[in-house]
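Those letters in the sequence shown? Residues 27 to 236, by my numbering.
Just so it is clear, CB atoms sit at the ideal spot from N, CA and C, and this is done for glycine as well.
Remember, it's a predicted structure, so these values are computed and weren't measured experimentally.
Step one of this worksheet: look at the structure below.
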Amino acid sequence: MIFRKSFILCLVALALLFPVRSFSQKGDAGTKNQSAKVKKCDTLYYYGVDLSHVRVTDGSKTDRSLNYSTVYPPAWIGYVEKELPPYKYVQPKLKNRVFYYVAEDVQKNTLKVVPSFIISEDYSFPADTVNKAVKSYSLSRHTGIGLVIIAENFNKNHESSSSWVTFFDIKTREVLWTVKVSGKCSHMGYTAHWGSGIVSGFKKFVSSVY
Numbered sequence: 027m028i029f030r031k032s033f034i035l036c037l038v039a040l041a042l043l044f045p046v047r048s049f050s051q052k053g054d055a056g057t058k059n060q061s062a063k064v065k066k067c068d069t070l071y072y073y074g075v076d077l078s079h080v081r082v083t084d085g086s087k088t089d090r091s092l093n094y095s096t097v098y099p100p101a102w103i104g105y106v107e108k109e110l111p112p113y114k115y116v117q118p119k120l121k122n123r124v125f126y127y128v129a130e131d132v133q134k135n136t137l138k139v140v141p142s143f144i145i146s147e148d149y150s151f152p153a154d155t156v157n158k159a160v161k162s163y164s165l166s167r168h169t170g171i172g173l174v175i176i177a178e179n180f181n182k183n184h185e186s187s188s189s190w191v192t193f194f195d196i197k198t199r200e201v202l203w204t205v206k207v208s209g210k211c212s213h214m215g216y217t218a219h220w221g222s223g224i225v226s227g228f229k230k231f232v233s234s235v236y
């Protein structure tokens, strides 16, 4: 009798453990499937750079933050657009047969960079901030897969720019795949210096991750 009760208890325990293990494996596979789904998609909507969350770690220029906040975000957008031409570089590298560059939807946010965006300390934000950023976009398209580069930190101490290369479902605003990248900055001038880090980071993503 004792053996029978023990046997039944073991069966119950195994039954309870099985769904948890199955769920865990399914979750891991789901993450891989999302990146695979992105790589196989025929049509991609590219929204360019979102600079609305960026902070520049450059203690010597904090007093210029207000003036720079209106001048440099548009200049960085223009630089990245020139160095990563959407139809001549981004589309061929990502291998999408149908590709649209629709930057105006997201770049409205970029122009709202906080006036105090130049700070003295190092800065970063979690993936949850990426999720919130994507959900905040007011987009003219309603379906498909979108791509946006969300700038995080331009860091004078490390001479690098970090950003999140982010693919998302336009309809649900679910982030399908996001990768944090960093690129070295070595150019002269505030526009090219920090912009070159975004360009370098994206090229690193294309060559080593995508």
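Taking only the alpha-carbon atoms, compute the straight-line gap between residue i and residue j and give it to the nearest angstrom.
i    : j    : result
G104 : N59  : 34 Å
S86  : S142 : 13 Å
V132 : K65  : 22 Å
Q51  : V139 : At Q51 the pLDDT is 29, less than 50, meaning the model places this residue with poor confidence; the figure from the coordinates comes in the next sentence. Distance between the alpha carbons of Q51 and V139 is about 40 Å.
A55  : V191 : Only weak support exists for where A55 lies, its pLDDT of 34 falling under 50; the coordinates are left without a value.
N122 : Y236 : 13 Å
C211 : Y94  : 18 Å
S146 : T204 : 27 Å
S233 : G227 : 10 Å
C67  : F193 : 11 Å
V207 : R90  : 27 Å
K134 : A62  : 30 Å
Using CA coordinates, which residue listed in the options is at the minimum distance from residue i?
i    : options                : result
V201 : V207, S187, G172, C211 : G172
S162 : S95, S233, T198        : T198
Y149 : A177, Y127, K230, L92  : A177
Assuming residue i and residue j form a contact by the criterion Cβ under 8 Å, report the distance between their Cβ atoms to the nearest whole angstrom.
i    : j    : result
L70  : L120 : 6 Å
V80  : N157 : Contact flag wrong, Cβ pair sits at about 17 Å.
D76  : A159 : 6 Å
I144 : D84  : 6 Å
Y127 : Y115 : Between Y115 and Y127 the Cβ distance is about 11 Å, and since that is not below 8 Å, they are no contact.
Residue i lies in the alpha helix (DSSP H); which residues open and close that run?
i    : result
E200 : Element bounds for E200: n/a, residue is neither H nor E.
E109 : 91-109
So, at 7 Å on beta carbons, what are the nonlocal neighbours of residue i in its own chain, with the 5 sequence-adjacent residues on each side left out?
i    : result
V225 : V106, E109, L110, G209
Y216 : Y98
G170 : T69, Y71, I196
S78  : N135, T136, K138, V139
Tell me where the beta strand (DSSP E) around residue i begins and ends.
i    : result
A177 : 171-181
Take residue i and list the residues in its own chain whose beta-carbon comes closer than 8 Å to its own, dropping the five residues that flank it on each side.
i    : result
H213 : H219, G221, S222
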